[in-house]
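Here's the structure, in structure tokens; my notes come after.
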Amino acid sequence: MEKLHSDSTFIWKFVFPWAIICGLTIFLLISLYLSIVPLAIGLILLGIFLFSLLRNMLMNLKFVYLDRTNRQLVVEHKNKKICIPISNIKRIEKYVFRPTQLTIKLKKANELGSDFSFLPRDTTLGWCPPEDELNELIGNEGKETVTNRVDGREP
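When you line the sequence shown up against the numbering used here, it's residues 352 to 506, in that order.
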């Protein structure tokens, strides 16, 4: 199986969000200790906003592998491996922000839902080899090709 996700997925998924949350917690405790209530309230609101943002953008990232022999994607989700046939892929969307994310939209929902995201490996200056590989596989089956979406809306 060929790995499609980036080596930095673990850092972006687990380390970065929890470092932000721990940092905010430390500042919150310091502001409460020093009795700076407006700062504490602001930090709580900022923490809620950042946690929801990080939860939706980074903590839901998946580890994805391509099995060319069986023509399927293998996705690690909650200590299980879920196999998704290439024929079940509706389209692939590339979100252009750092880190670059690929979102795979499925025709039929499964345990992952109707879509899932991952950080592709080897992204350099906008070029994304996993995007090209998946686009080629989907193109061979006559499916929709990759779309670049910055705003997150459905095409």
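Even glycine gets a Cβ: it sits at the ideal position worked out from N, Cα and C.
Just checking my contact of residue i with residue j at CB under 8 Å: how many whole Å lie between their CB atoms?
| i | j | result |
| --- | --- | --- |
| Leu396 | Pro368 | Actually they are not in contact, since the Cβ atoms of Leu396 and Pro368 sit about 18 Å apart, beyond 8 Å. |
| Ile443 | Ile455 | 5 Å |
| Ile440 | Leu463 | Actually they are not in contact, since the Cβ atoms of Ile440 and Leu463 sit about 12 Å apart, beyond 8 Å. |
For residue i and residue j, what's the separation of their Cα atoms in angstroms?
| i | j | result |
| --- | --- | --- |
| Ile371 | Asp418 | 35 Å |
| Asn491 | Leu404 | Only weak support is given to the placement of Asn491: the predicted model assigns it a pLDDT of 46, under 50, and the question is left unresolved by the model. |
| Ile392 | Arg406 | 21 Å |
| Leu485 | Phe361 | 22 Å |
| Thr451 | Leu470 | 6 Å |
| Asn461 | Arg472 | 24 Å |
| Thr453 | His428 | The question names Thr, but residue 453 in the sequence shown is Leu. So the two alpha carbons sit approximately 16 Å from each other. |
Classify residue i as buried or exposed, calling it buried when 16 or more other Cβ atoms lie within 10 Å of its own Cβ.
| i | result |
| --- | --- |
| Leu355 | buried |
| Pro506 | The predicted model places Pro506 with a pLDDT of 49, which falls under 50 and marks its position as unreliable; any figure quoted below should be read in that light. By the 10 Å Cβ count, Pro506 comes out exposed. |
| Ile381 | exposed |
| Ser357 | buried |
| Val426 | buried |
Give me the residue from the options with the minimum Cα distance to residue i.
| i | options | result |
| --- | --- | --- |
| Phe467 | Val415, Asp473 and Gln423 | Val415 |
| Leu424 | Phe365, Ser438, Asn411 and Asn430 | Ser438 |
| Leu412 | Val366, Ile440, Ala460 and Lys459 | Val366 |
Leaving aside the five residues before and after residue i along the sequence, list all residues of the same chain whose C-beta is less than 8 Å from its C-beta, in chain order.
| i | result |
| --- | --- |
| Arg398 | It should be pointed out that residue 398 corresponds to Gly in this sequence rather than to Arg. Hits under 8 Å: Ile372, Leu375, Thr376 and Leu379. |
Taking 6 Å as the limit between beta carbons, can you name the residues of its chain near residue i, skipping five residues before and five after?
| i | result |
| --- | --- |
| Thr387 | The identity of residue 387 in the sequence shown is Ile, whereas the question assumes Thr. Cβ neighbours of Ile387 beyond the five flanking positions: none. |
| Leu488 | Ile437 |
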